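Undergrad: Protein chains in written order, with our numbering: chain A, 1 to 136; chain B, 1 to 404.
Every residue gets a Cβ at the ideal spot worked out from N, C-alpha and C, and that includes glycine.
Only a predicted model underlies this, so the values are computations on that prediction, with no experimental measurement involved.
Printed below as a string of structure tokens:
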């Protein structure tokens, strides 16, 4: 299985070598897609984790045991379907093509959470504010 | 040959053959335009894009004691509105921003709430905070009011958009070395992206390129309600570049449209924030086109590959008003997701919603086939190619240069 997660670090947890831990002890492939690490504030990392489901679960338990928040990316990035007008502007800034137009006849914009790297450019660009990020 | 009267008689009997402009393409492909013209009575079109040339008149009713907002100042949800009218008539424009909005001083500028958002909120039935100050007169003594209005509390509320439904539009690219924020969206540097804004084969005026059936008085779908063409739109330019069959290959005709805001729906008119540019509004517009003869069947059955647009540099040429086209591309190429500009493959992105345009054309089709919506003869035709209209520009002149 492969899953995108947002990891949140409190100030006192950024010194933990968690990537090493996930690779060495839980046999997981960790791909860092985006990281915002600061010693002074809460830090975050967007990672894609690949491995066996049981290893994934144990790896997440390990992170939570270190007081690191773990959230699937789809929990944090949301498109308000009532607001979206499918204009397509968001697709112009979405480098990983998580927002994309698969059907060139209907021209509807689809959102694939699994490609999202939580860069938030779509949130800034969406003219009707249909995209939102809620980090808690 | 058919007349509008004959088509309306069929609509009333619910025997009218009405199809969308997308469906018309297929019909003409299989039957030919001659048979398509005999078979089809009406083709519906639609578009849903950002249209800055939009706004709404409201008569808010009289307070007790009375206040003369006319000549004073008035805000709706902190957005300034135009008050240079009669005592309690105001006009709110789509691009108005609150006085205290940071605009683009905080780069690139979010423009979170403006006139377009007020219009959408009002149409959606939300309460709107009205604040007005006036100088007070013998007949209108009140000098200040703060209250709430909504679409039930006011008298008239009608959308009057001085420029909507552009017949074709530029494709925007950026030849400069930095990211730019424009009304055509965010454009990547070094020809990194191309943004376009037209419903192409569904676009109202592209389906009637010579304004044979769309004219003053034409009844239409406006933002979920019924509206009318009031006049040609501002910057209406029938003399723009056209192909051999008369179809514009650049921004050409425009429409001024009017309609009762109380009938409209927030699903088809939406406030918009263009990052680094400003507040505006998405407007949904749909126009029925009577298939009077084979020529109208020909025009309404043109498809995306028949409609061409000019690729323009918004890095320098557009802001400097340099009339230059880098190349021509068609809407089939634009919708495919990439175009070729000077030998470079450039990804394309839409600004107007084709899926909403389709929805509008379908709704209008249903209105007509169910007998609820009748077609109109233009009271007057829009100025066409024969008018010789040329676009004037604003030069920095001395008084002597304009004095007779």
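Quick one: what's got a C-beta closer than 6 Å to residue 158(A)'s C-beta in the same chain, skipping five residues either side?
TA: Outside the shown range of chain A (1 to 136) lies residue 158(A), about which nothing can therefore be said.
Undergrad: Which residues, in order along the region 341 to 358 of chain B, keep a beta-carbon less than 7 Å from a beta-carbon of chain A?
TA: 349, 350, 351, 352, 353, 354, 355, 356
Undergrad: Which residue marks the beginning of the alpha helix (DSSP H) containing residue 406(B), and which one marks its end?
TA: Since the first residue shown for chain B is 1 and the last is 404, residue 406(B) is missing from the structure and cannot be characterised.
Undergrad: Looking at residue 309(B) and residue 173(B), is the spacing between their C-beta atoms short of 8 Å?
TA: no
Undergrad: Determine whether the Cβ of residue 272(B) lies closer than 8 Å to any Cβ atom of chain A.
TA: yes
Undergrad: Counting only beta-carbon separations shorter than 8 Å, does residue 104(A) have a partner in chain B?
TA: yes
Undergrad: Quick one: Cα of residue 343(B) to Cα of residue 98(A), how far?
TA: 28 Å
Undergrad: Helix, strand or coil, according to DSSP, for residue 391(B) in the structure here?
TA: The DSSP-derived three-state label of residue 391(B) is coil.
Undergrad: Run through the DSSP bridge pairs and tell me what residue 231(B) is partnered with.
TA: Per DSSP, the beta-bridge partners of residue 231(B) are 256(B).
Undergrad: Alpha carbon to alpha carbon, how far is residue 113(B) from residue 275(B)? Give it in angstroms, no decimals.
TA: 12 Å
Undergrad: Of all the alpha helix (DSSP H) runs that stay within the bounds of the region 115 to 198 of chain B, which reach a length of 4 or more residues?
TA: 115 to 123
Undergrad: Quick one: grab the DSSP three-state call for residue 84(B).
TA: Secondary structure at residue 84(B): coil, using DSSP grouped into helix, strand and coil.
Undergrad: Just to confirm my understanding: we take residue 54(B), look at its own chain, exclude 5 residues before and 5 after, and list those with CB closer than 6 Å. What are they?
TA: 94, 161, 281, 283
Undergrad: Listed from N- to C-terminal order along the chain, which residues in the region 32 to 57 of chain B have their beta-carbon within a distance smaller than 8 Å of any beta-carbon of chain A?
TA: 48, 49, 50
Undergrad: Anything in the region 123 to 135 of chain A with a Cβ closer than 9 Å to a Cβ of chain B? List those residues in chain order, please.
TA: 124, 125, 126, 127, 128, 129
Undergrad: Quick check: the region 347 to 367 of chain B against the region 216 to 233 of chain B, are there 3 or more CB pairs under 8 Å?
TA: yes
Undergrad: Grab the span of the beta strand (DSSP E) containing residue 326(B) for me, first residue to last.
TA: It is not in any beta strand (DSSP E) - residue 326(B) carries neither H nor E in the DSSP assignment.
Undergrad: Shorter than 7 Å, the distance from the beta carbon of residue 197(B) to the closest heavy atom of the ligand GTP, or not?
TA: You won't find the ligand GTP in this model; it holds no ligand whatsoever.
Undergrad: Could you name the residues of the same chain whose beta carbon sits closer than 8 Å to that of residue 349(B), not counting the 5 residues immediately before and after it, in chain order?
TA: When the five nearest sequence neighbours on each side are left out, the beta carbons in the same chain lying within less than 8 Å of the beta carbon of residue 349(B) are those of 185, 193, 194, 195, 196, in order along the chain.
Undergrad: Just to make sure I have the definition right: I need the residues of chain A whose C-beta is within less than 7 Å of the C-beta of residue 237(B). Which are they?
TA: Neighbours of residue 237(B) on chain A: none; closest Cβ ~25 Å, over 7 Å.
Undergrad: Which two residues bound the contiguous alpha helix (DSSP H) that contains residue 25(A)?
TA: Residues 18 to 26.
Undergrad: Taking the alpha carbon of residue 253(B) as the point to measure from, which residue in 322(B), 289(B), 242(B) has its own alpha carbon closest?
TA: 242(B)
Undergrad: In the DSSP assignment, the beta strand (DSSP E) including residue 137(A) goes from what residue to what residue?
TA: Beyond the ends of chain A as shown, which are 1 and 136, falls residue 137(A); an answer cannot be given.
Undergrad: Please return the same chain residues whose Cβ sits closer than 6 Å to the Cβ of residue 131(B), not counting the five positions on each side in sequence.
TA: 75, 146
Undergrad: By the 10 Å Cβ neighbour count, where 16 or more other Cβ atoms means buried, how is residue 148(B) classified, buried or exposed?
TA: exposed
Undergrad: Would you tell me roughly how many angstroms separate the C-alpha atoms of residue 137(A) and residue 12(A), rounded to the nearest one?
TA: It is not possible to answer for residue 137(A), since the shown part of chain A is limited to 1 through 136.
Undergrad: Do you know how far the Cα of residue 398(B) is from the Cα of residue 72(B)?
TA: When rounded, the distance between both Cα atoms is 32 Å.
Undergrad: Would you kindly check if the distance between the Cβ of residue 74(A) and the Cβ of residue 20(A) is under 8 Å?
TA: no
Undergrad: Straight-line CA distance for residue 19(B) to residue 232(B)?
TA: Between the alpha carbons of residue 19(B) and residue 232(B) lies a gap of roughly 26 Å.
Undergrad: For residue 28(A), count neighbouring Cβ atoms within 10 angstroms of its own Cβ and tell me buried if that reaches 16, exposed if not.
TA: Burial call: buried.
Undergrad: For residue 372(B) and residue 7(B), what's the separation of their Cα atoms in angstroms?
TA: 13 Å
Undergrad: Pull up the DSSP beta-bridge partners for residue 100(A), would you.
TA: 110(A)
Undergrad: Who are the neighbours of residue 79(A) on chain B, taking C-beta pairs under 9 Å?
TA: Chain B residues near residue 79(A): none, gap ~14 Å exceeds 9 Å.
Undergrad: If residue 143(A) and residue 100(A) are in contact, beta carbons under 8 Å, what's the gap, nearest whole angstrom?
TA: Residue 143(A) falls outside the range modelled here, since chain A spans only 1 to 136, and no answer is possible.
Undergrad: I want to see whether chain E comes within less than 8 Å of residue 185(B), judged by CB atoms only; does it?
TA: The structure shown contains no chain E; its protein chains are A and B.
Undergrad: Let me make sure I understand the geometry here. Which of 63(A), 38(A), 40(A) has the alpha-carbon closest to that of residue 47(A)?
TA: 63(A)
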